[in-house]
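Have a look at the structure below, then the notes.
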Amino acid sequence: MNSECIAFRERLVAALEPRRGRGELDTLGWHEHLLSCAECRRVLAAEEALELLLDSLPEPKLPRELAVRVLARLKLRPAGDGLDALLERADPAIASPTLARRVLAGIAAERAEIALDRLLERVPAPEVPAELAVRTLSRLALARRRRTAFSGPRLWLTAAAAAVIVLGGAWSLRAWLRGATPVDPQPIVENATPEQAPRIESLAAPSDELLASLSVLESWELLNSDNIDVMLSSLDASDELLLELSSELSPDFGTESVDESIDDGVVPTALEEPRNG
Numbered sequence: 130m131n132s133e134c135i136a137f138r139e140r141l142v143a144a145l146e147p148r149r150g151r152g153e154l155d156t157l158g159w160h161e162h163l164l165s166c167a168e169c170r171r172v173l174a175a176e177e178a179l180e181l182l183l184d185s186l187p188e189p190k191l192p193r194e195l196a197v198r199v200l201a202r203l204k205l206r207p208a209g210d211g212l213d214a215l216l217e218r219a220d221p222a223i224a225s226p227t228l229a230r231r232v233l234a235g236i237a238a239e240r241a242e243i244a245l246d247r248l249l250e251r252v253p254a255p256e257v258p259a260e261l262a263v264r265t266l267s268r269l270a271l272a273r274r275r276r277t278a279f280s281g282p283r284l285w286l287t288a289a290a291a292a293v294i295v296l297g298g299a300w301s302l303r304a305w306l307r308g309a310t311p312v313d314p315q316p317i318v319e320n321a322t323p324e325q326a327p328r329i330e331s332l333a334a335p336s337d338e339l340l341a342s343l344s345v346l347e348s349w350e351l352l353n354s355d356n357i358d359v360m361l362s363s364l365d366a367s368d369e370l371l372l373e374l375s376s377e378l379s380p381d382f383g384t385e386s387v388d389e390s391i392d393d394g395v396v397p398t399a400l401e402e403p404r405n406g
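The sequence shown lines up with residues 130 to 406 when you count with our numbering.
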């Protein structure tokens, strides 16, 4: 729509006003702009058809009783003071003595939050170093490598400690069995008096070394507990060296005695002194 179309339609709106009459609308039908604009011709034709339709309609006439009925309905409406009378009948509202204090406390809290928000808006945004992410990832990777490298020696130390405990306990038990006094299997005579009955010699008391080995065996459950990682990580360098030496000596220790015992039909113990010859 160009400027000529806009000017023509403004004149059309002015011609459609009731006080202008149909004379000006007929004059617009001969406007030079209609020769070059089909859209404006269509709009003018539609407005003329609408005017002809409105002229053909009869003039509306209202019945005389309509005004009387409207005034009667208005008189039936309640007076404006009816609501005031209803409110006067209601009981007066009893306000809580702490209501004002609670309202003021709530307003103070809201003001404090608003002040805090304004203060936080003044704080500049934190500046993160450009290399922070790279340094963090490198530290995490180093910690993972250390944990992975320590998991292998941890299992090795656990196995070595278990081997040392088992071998020590077996060796102490074998030494105690060798030093025990055998029991006479001869049965006691039924008619013999207690003085004449043969006395059964008691076994020799276990040595302190055996008791220490048995106490070590009782602590075998510690190796299967969940705190074995913490215990092994607390070992110092000397303890790790002893475990390493024991694991290196245990595979070849007592192999000759095992072979000879198998030939003789005797089940060897886990730790036995090697025989010479």
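Note that the Cβ used here is the ideal one computed from N, Cα and C, for glycine as well.
Enclosing alpha helix (DSSP H) for residue i [first to last residue]
i: Val257; result: Per DSSP, Val257 belongs to no alpha helix (DSSP H) and is neither H nor E.
i: Ile100; result: No information on residue 100 is available, as it lies outside the stretch 130 to 406 that the chain covers here.
i: Glu177; result: 167-185
Coarse secondary structure for residue i, derived from DSSP in three states
i: Asp155; result: helix
i: Leu191; result: coil
i: Asp220; result: coil
i: Ser267; result: helix
i: Thr287; result: helix
i: His160; result: coil
i: Ser225; result: coil
C-alpha gap between residue i and residue j, whole angstroms
i: Arg138; j: Glu188; result: 28 Å
i: Thr227; j: Asp220; result: 21 Å
i: Ala224; j: Glu239; result: 23 Å
i: Glu256; j: Leu249; result: 16 Å
i: Ala241; j: Ala259; result: 36 Å
i: Ala143; j: Leu200; result: 38 Å
i: Ala167; j: Leu182; result: 23 Å
i: Arg230; j: Asp213; result: 31 Å
i: Ala289; j: Leu269; result: 31 Å
i: Glu133; j: Leu191; result: 44 Å
i: Ala291; j: Ser301; result: 16 Å
i: Leu141; j: Leu186; result: 22 Å
i: Leu266; j: Ala234; result: 49 Å
i: Trp285; j: Arg303; result: 27 Å
i: Leu216; j: Val232; result: 26 Å
i: Trp305; j: Val293; result: 18 Å
i: Val252; j: Leu245; result: 11 Å
i: Glu161; j: Met130; result: 16 Å
i: Ala237; j: Ile135; result: 59 Å
i: Leu164; j: Glu146; result: 24 Å
Min CB distance residue i to chain D below 8 Å
i: Glu180; result: Looking for chain D here will not work: only one protein chain is present.
Any non-hydrogen atom of the ligand MG within 7 Å of residue i CB
i: Ala241; result: Within the structure as shown, the ligand MG is missing, as the structure has no ligands at all.
Is it the case that the region 173-180 contacts the region 149-163, given that we only count it when at least three CB pairs across the two stretches are under 8 Å?
Counting Cβ pairs under 8 Å, three or more are found: they touch.
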